[in-house]
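Here is the structure we will look at, set down as structure tokens.
Protein chains in written order, with our numbering: chain A, 20 to 420; chain B, 20 to 420.
Written out as structure tokens, the structure is:
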């Protein structure tokens with residue numbers, strides 16, 4: 020029955036040891052390139068760019084080729100220079116609260132005009148009536164060699180972070196910064212934060228590059244929500260991307276058990292959480308008996324079972340012509356079974372409507388936290404594990420065989 | 020990089036050749052036992068019981084140990100005796116229409132009082148105004164050695180089968196026979212059949228063991244639907260099972276692109292298709308802008324992306340104590356990517372509410388058409404491929420290692 024031959028493995032250009040483990044073990048840390056077959060691109064090669072990252076959360080490409088990576092629990096900002104992950108981390112990052120699952124250093128975004136200006140979100144330790152608490156803050160700093168200077172906290176979210184909010188950042192070319200603040204969890208008793216006009220939690224915010232509210236934000240005029248708020252009724256958004264075809268802002272949002280969503284964000288719109296939802300609580304109850312209601316936006320994409328959606332990315336490079344315009348969605352865990360994280364590819368028709376989804380990298384089975392298109396047109400994914408890694412995905416074309 | 024060792028493979032009791040292919044090739048026909056790791060049962064062994072089945076659709080266990088299997092396109096009824104698939108098929112099966120995808124011989128059920136009495140559904144060739152057409156019919160016969168005798172067509176569905184309906188059968192202990200008739204496809208212009216009072220298509224039926232309507236069926240009194248109808252507004256139901264904890268009838272139903280459902284069936288209830296639905300058409304449009312509405316039942320379980328749900332089975336045996344009360348759901352293809360069929364395990368809390376889903380047998384990647392608990396307490400699955408097979412799933416317990 021044992022018939023693996025070296026010839027077969029070489030012919031497939033496959034690391035058989037890795038694939039063997041992948042098929043029988045929950046998750047696998049890659050130590051070298053591995054190839055997988057996919058539907059429209061017959062073979063892809065996945066190569067570790069950096070390993071030994073401690074629960075990395077997000078990364079950003081600089082124009083000079085450097086890659087900046089946040090580590091959640093260590094609170095470190097790491098840097099890859101000339102392809103090598105530097106041992107020394109970048110100094111000057113504010114102290115983060117990271118004592119519990121989900122808390123710590125999170126998203127990173129670089130200023131569109133000057134990519135040495137770094138923005139990061141993190142769980143900030145604060146004191147409320149003398150008791151230790153935490154909230155989500157946004158810091159801006161200048162990167163100089165191996166240190167951050169001019170470090171300024173330019174925004175702090177209103178809302179007590181008893182359940183730890185996720186947060187992500189997206190700069191648009193007009194120098195506005197979208198920032199999500201999650202933490203509206205029904206299981207933790209903070210679900211109603213998402214509809215609370217006095218809190219930033221459970222909202223998507225739109226800020227100027229100095230952290231102030233944008234003057235034409237949808238609630239500035241009537242004051243029905245805080246001026247930074249762009250859309251409301253979100254549970255925990257971890258992915259933001261501009262659809263290059265339509266110019267729309269798309270946002271991923273985690274449901275608890277099932278009901279993960281990607282929404283098309285309209286300014287001032289209400290996405291319903293927790294009043295209108297297709298998801299169940301972890302313990303089994305439906306979050307709401309109402310799954311659709313006038314005045315609340317329907318999701319554009321839904322996942323049942325949940326895949327614990329993380330970052331999202333529209334592919335627009337030259338390396339994968341077959342995948343042009345596809346949406347890539349990170350998955351941290353599927354159906355609440357450990358070792359099931361992967362990358363999902365969503366295909367649209369010419370009218371932008373979904374027609375197909377493919378599961379990629381399922382054999383690796385790690386928590387896929389961030390996905391981005393590199394300056395080289397390849398796809399990069401960040402694996403949020405204790406021994407985490409940044410991986411590059413390339414097509415393997417006939418000419419190479 | 021090539022480091023598979025025989026020691027590793029033997030230690031894992033794994034057929035490395037099969038797993039290697041499984042990880043890189045779309046789908047794999049098992050030729051011997053393979054082991055997989057799962058979440059709550061650390062290791063399962065999957066063994067082919069019969070191979071060389073031509074697109075099998077359904078199977079049934081007899082008390083004498085025989086297993087009957089229908090083949091869809093050949094229209095053959097096959098039999099396994101003393102563990103061996105017999106070369107000769109059972110004679111006397113009516114001629115089936117099987118010239119197109121989805122048409123042919125389908126479900127099989129055995130009478131609760133006498134398991135030599137066989138019921139089968141099939142696509143029946145008919146003539147309408149002199150033109151060849153087809154519909155779904157139910158046949159009853161007596162199995163004697165290698166032939167069917169007393170073959171009688173005891174029910175024929177009203178509705179022209181332009182798009183080919185799926186159908187499945189379930190006998191309940193009170194000798195009533197549930198029979199689904201699908202074929203209500205929006206893409207084929209037959210979607211509205213599901214709400215049409217004059218047609219059996221897109222309905223779940225409840226029959227006596229002679230094929231007549233049960234007297235206390237919900238529409239017998241008011242005549243608003245045909246007397247055989249038990250519930251309405253279904254697209255294409257391929258799985259029926261009684262929940263052993265609650266006594267409820269559960270039914271799987273295929274959406275087109277996403278929106279696959281499992282519903283809890285209440286007599287006389289309307290499940291909404293195609294007026295109320297969470298699914299998209301294959302080409303991308305939503306089937307309906309209405310996803311929930313009073314008077315139409317919500318699904319109990321939803322799949323997005325679709326997994327092309329087939330049969331369903333509640334596990335109640337002794338071999339897998341960890342899986343007691345779990346629902347097993349067959350998947351023929353996931354997200355419209357070939358080679359992605361698998362088995363899903365759904366876990367419930369003590370109140371019967373879903374709390375977790377696990378994907379099993381994904382490495383095999385075949386169209387999983389039927390799943391049943393065997394008299395031995397093991398789980399049997401039927402793979403609907405040109406070179407199809409019946410597989411047995413067993414736990415591998417410590418004592419064996």
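Glycine residues also receive a C-beta, built at the ideal position from the N, C-alpha and C atoms.
Indicate whether residue i and residue j have their beta-carbon atoms separated by less than 8 Å.
{"i": "residue 243 of chain A", "j": "residue 223 of chain A", "result": "no"}
{"i": "residue 275 of chain A", "j": "residue 206 of chain A", "result": "yes"}
{"i": "residue 213 of chain A", "j": "residue 252 of chain A", "result": "yes"}
{"i": "residue 95 of chain A", "j": "residue 68 of chain A", "result": "no"}
{"i": "residue 255 of chain A", "j": "residue 202 of chain A", "result": "yes"}
{"i": "residue 73 of chain B", "j": "residue 349 of chain B", "result": "no"}
{"i": "residue 60 of chain A", "j": "residue 339 of chain A", "result": "yes"}
{"i": "residue 49 of chain B", "j": "residue 268 of chain B", "result": "no"}
{"i": "residue 110 of chain B", "j": "residue 166 of chain B", "result": "yes"}
{"i": "residue 64 of chain A", "j": "residue 368 of chain B", "result": "no"}
{"i": "residue 398 of chain B", "j": "residue 347 of chain B", "result": "yes"}
{"i": "residue 328 of chain A", "j": "residue 345 of chain A", "result": "no"}
{"i": "residue 129 of chain A", "j": "residue 89 of chain A", "result": "no"}
{"i": "residue 87 of chain B", "j": "residue 127 of chain B", "result": "yes"}
{"i": "residue 356 of chain A", "j": "residue 58 of chain B", "result": "yes"}
{"i": "residue 154 of chain A", "j": "residue 132 of chain A", "result": "no"}
Closer than 7 Å by C-beta to residue i: which residues in its own chain qualify, once you throw out the five before and the five after it? Chain order, please.
{"i": "residue 305 of chain A", "result": "299"}
{"i": "residue 378 of chain A", "result": "361, 363"}
{"i": "residue 385 of chain B", "result": "46, 360, 402, 404"}
{"i": "residue 265 of chain B", "result": "371"}
{"i": "residue 169 of chain B", "result": "160, 161"}
{"i": "residue 246 of chain A", "result": "232, 236, 238, 239"}
Identify, in the order they occur along the chain, each residue of the same chain with its Cβ nearer than 6 Å to the Cβ of residue i, setting aside the five sequence neighbours on each side.
{"i": "residue 342 of chain B", "result": "334"}
{"i": "residue 383 of chain A", "result": "47"}
{"i": "residue 105 of chain A", "result": "98"}
{"i": "residue 259 of chain A", "result": "187, 189, 197, 270"}
{"i": "residue 221 of chain B", "result": "203, 212, 213, 253"}
Would residue i be called buried (16 or more neighbouring beta carbons within 10 Å of its own) or exposed?
{"i": "residue 118 of chain A", "result": "exposed"}
{"i": "residue 43 of chain B", "result": "For residue 43 of chain B, the pLDDT reaches just 37, beneath the cut-off of 50, and the residue's location in the model is therefore unreliable, although a value from the coordinates is still provided. Classification of residue 43 of chain B: buried, given that the 10 Å Cβ count is 16 or more."}
{"i": "residue 163 of chain B", "result": "exposed"}
{"i": "residue 308 of chain B", "result": "exposed"}
{"i": "residue 210 of chain A", "result": "buried"}
{"i": "residue 11 of chain A", "result": "In the structure as shown, chain A starts at 20 and stops at 420, and residue 11 of chain A therefore has no counterpart that could be examined."}
{"i": "residue 236 of chain A", "result": "buried"}
{"i": "residue 4 of chain B", "result": "Outside the displayed span of chain B (20 to 420) sits residue 4 of chain B, for which this structure offers no information."}
{"i": "residue 171 of chain A", "result": "exposed"}
{"i": "residue 192 of chain B", "result": "exposed"}
{"i": "residue 414 of chain B", "result": "buried"}
{"i": "residue 373 of chain A", "result": "buried"}
{"i": "residue 416 of chain A", "result": "exposed"}
With 8 Å as the threshold, decide whether the Cβ of residue i is near any Cβ in chain A.
{"i": "residue 138 of chain B", "result": "no"}
{"i": "residue 311 of chain B", "result": "yes"}
{"i": "residue 343 of chain B", "result": "no"}
{"i": "residue 76 of chain B", "result": "no"}
{"i": "residue 385 of chain B", "result": "no"}
{"i": "residue 58 of chain B", "result": "yes"}
{"i": "residue 46 of chain B", "result": "no"}
{"i": "residue 412 of chain B", "result": "no"}
{"i": "residue 98 of chain B", "result": "no"}
Please check if any C-beta of chain B sits within less than 8 Å of the C-beta of residue i.
{"i": "residue 368 of chain A", "result": "yes"}
{"i": "residue 292 of chain A", "result": "no"}
{"i": "residue 269 of chain A", "result": "no"}
{"i": "residue 299 of chain A", "result": "yes"}
{"i": "residue 314 of chain A", "result": "no"}
{"i": "residue 163 of chain A", "result": "no"}
{"i": "residue 63 of chain A", "result": "no"}
{"i": "residue 354 of chain A", "result": "yes"}
{"i": "residue 319 of chain A", "result": "no"}
{"i": "residue 303 of chain A", "result": "yes"}
> When the Cβ atoms of the segment 385 to 398 of chain B are set against those of the segment 315 to 322 of chain A, are three or more pairs found closer than 8 Å?
Replying inline: no
>> Does the contact criterion of 3 or more C-beta pairs under 8 Å hold for the segment 100 to 108 of chain B versus the segment 144 to 163 of chain B?
In response: With contact defined as three or more Cβ pairs closer than 8 Å, the segment 100 to 108 of chain B and the segment 144 to 163 of chain B are not in contact.
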